[in-house]
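Numbering (this note's numbering), first residue to last: 2 to 456.
Cβ atoms here follow ideal geometry from the backbone N, Cα and C, with glycine treated the same way.
Predicted model only: the values in this text are computed from it and were never measured.
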């Protein structure tokens, strides 16, 4: 009777080990799918929405700025073409957000954006129509067109951008909760696998010791083989859960957290760039837009007490300190967060390129404001809107491209970690059941002769 009880106990522990492992593999695959193919892309799409909305407004301001002038290096037609491209981009991002609107917060944010976007596009269309009806030189938009633009850009700032930002933050928080829940569960299950593996091994060892004493047999080959199978199964299960937990950590903390701050940095950068155009197109609000530009500059690279007249020197000093010691990241903000989370090959070089190009763009901004102060508004408009090498929008585009390279490095790392986790789990669906069947068969073989002797 004791032999049978020990055998049943060993079989139960093995079955428990296999059941937990089989169920966990399915849950881990679902968790990787949700994080890698659903939650994270939703955050990226809503970040993209924020930057596309800002660039729509910037191009609307640029269209007003250049007017009928075709000698600036950038024309109204080009501005309106980019405006339409961004409008289509906003539409695609909203479609993706609407498809994922499974909770009330997301649904409300999407409705708010859709309602506000309809109003914004109406105001933008009226602005464009009024501007095209007036034959004006660069920087001399009509009062009627400017009044409509103010309504449009105020609507953007008051309704559209807060709703888009809220949508991104909501999805980012949901992703963080999902990640913490998934990784916490994986690590907890790893503990259960260790316990069940130990109990299964202990049951088999105790059974073999009992058989050796009861039947005077030194070795039971089938039970030894079964024990080895359990060691392999428990060890592989613990290793797999540990590996999946690490894939999740690398995907979320190393890659996606960087991507989140970088996408936010890109969105804020476009907002700041739009403030330059707003500053030029609407002199009555110039002070307001200058303050907004500084605020967004300091969101990207936070330096205590910095102003537009001191930020360049502060940036250069902190950059030189960093060049001597990469641990000395003397700035905060979105770019500071990225420099504190550099992990992957090529990421540091790409981050440094983005930073130095950001410095160049900032210096170009000061030149725009100096030209205005010197009474050279047309020159400031030409310098601000042109994509020719050496001009401001060229510098901004170079900085933006460097950000995209940096985002791509982290995105590839994120996708790679998710893919590796999924590939690792793809080998598991039938392995635990197969090993369990082998263990139980060996257990039966190992006991059959001994029980026959007992009878």
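Item to check | Outcome for residue 347 when other beta-carbon atoms lying within 10 angstroms are tallied against a minimum of 16 | outcome: Exposed is the call here.
Checklist entry - What are the boundary residues of the alpha helix (DSSP H) that residue 341 is part of? => result Run containing residue 341: none; DSSP gives neither H nor E here.
Next on the checklist: Strictly by DSSP, which residues pair up with residue 333?
Outcome noted: Residue 333 is bridged to 303.
Item to check | C-beta atoms of residue 49 and residue 264 nearer than 9 Å | outcome: Yes, Cβ-Cβ distance for residue 49 and residue 264 is below 9 Å.
Checklist entry - Considering only residues of the same chain and omitting the five flanking positions on each side of residue 135, which have a CB-CB separation below 6 Å? => result So the list reads 143, once near-sequence residues are dropped.
Checklist entry - In angstroms, rounded to a whole number, what distance separates the CA positions of residue 183 and residue 246? => result Rounded to the nearest angstrom, the two C-alpha atoms are 8 Å apart.
Checklist entry - Between which two residues does the alpha helix (DSSP H) harbouring residue 316 extend? => result Residue 316 -> alpha helix (DSSP H) spans 312 to 325.
Checklist entry - Quick one: is residue 130 buried, meaning 16 or more other Cβ sit within 10 Å of its Cβ, or exposed? => result That one is exposed.
Checklist entry - Considering only residues of the same chain and omitting the five flanking positions on each side of residue 309, which have a CB-CB separation below 6 Å? => result So the qualifying residues of the chain are 295.
Checklist entry - Is it the case that the Cβ atoms of residue 77 and residue 55 are separated by a distance below 9 Å? => result No, these two residues do not count as a Cβ contact at 9 Å.
Item to check | Buried/exposed call for residue 57, threshold 16 Cβ in 10 Å | outcome: Buried is the call here.
Next on the checklist: Let me check understanding here. Comparing Cα to Cα, which of 126, 17, 414, 321 lies closest to residue 357?
Outcome noted: Of 126, 17, 414, 321, the residue nearest in Cα terms is 321.
Item to check | Every unbroken alpha helix (DSSP H) inside the segment 361 to 392 [4 residues or more] | outcome: If we require 4 residues or more, the alpha helix (DSSP H) runs fully inside the segment 361 to 392 come out as 378 to 386.
Next on the checklist: What would DSSP say about residue 186, mapped onto helix, strand or coil?
Outcome noted: Three-state DSSP puts residue 186 in a helix.
Checklist entry - Alpha carbon to alpha carbon, what distance is there between residue 345 and residue 457? => result Since the displayed the chain opens at 2 and closes at 456, residue 457 lies outside it and no answer follows.
Checklist entry - Would you say the segment 239 to 256 touches the segment 391 to 399, given that touching needs at least three Cβ pairs under 8 Å? => result With the cut-off at 8 Å, the segment 239 to 256 and the segment 391 to 399 do not touch.
Checklist entry - Could you check where the alpha helix (DSSP H) with residue 76 kicks off and where it finishes? => result Run containing residue 76: none; DSSP gives neither H nor E here.
Checklist entry - Taking the alpha helix (DSSP H) that residue 154 falls in, what are its first and last residues? => result Element bounds for residue 154: 144 to 156.
Checklist entry - residue 315 to residue 271, Cα distance in whole Å? => result Using only the alpha carbons, I get a separation of about 22 Å.
Checklist entry - If you follow the alpha helix (DSSP H) that residue 286 is part of, which residue opens it and which one closes it? => result Segment: none, residue 286 is in no alpha helix (DSSP H) and carries neither H nor E.
Item to check | Residue span of the alpha helix (DSSP H) that contains residue 63, given as start and end | outcome: Taken as a continuous stretch (DSSP letters only), the alpha helix (DSSP H) holding residue 63 covers 41 to 67.
Next on the checklist: Let's see if you can read the secondary structure: which residues bound the alpha helix (DSSP H) around residue 141?
Outcome noted: Annotation for residue 141: no alpha helix (DSSP H) segment contains it, and DSSP assigns it neither H nor E.
Checklist entry - Is there contact between the segment 114 to 130 and the segment 156 to 165, where contact requires at least three CB pairs shorter than 8 Å? => result Touching, yes.
Next on the checklist: Here's the rule I'm using: 16 or more other beta-carbon atoms within 10 Å means buried, otherwise exposed. How should residue 189 be labelled?
Outcome noted: Classification for residue 189: exposed.
Item to check | Boundaries (first-last residue) of the alpha helix (DSSP H) holding residue 117 | outcome: Its alpha helix (DSSP H) spans residues 105 to 134.
Checklist entry - Leaving out the 5 sequence neighbours to the left and right, which residues in its chain are closer than 7 Å to residue 372 when beta-carbon positions are compared? => result Spatial neighbours of residue 372 in its own chain (CB-CB distance under 7 Å, excluding positions within 5 residues in sequence) are listed in chain order as 380, 381, 384.
Checklist entry - Grouping DSSP H, G and I as helix and E and B as strand, with all else coil, what is residue 347? => result In this structure, residue 347 counts as coil in the three-state DSSP scheme.
Item to check | Three-state secondary structure assigned by DSSP to residue 214 | outcome: Three-state result, residue 214: helix.
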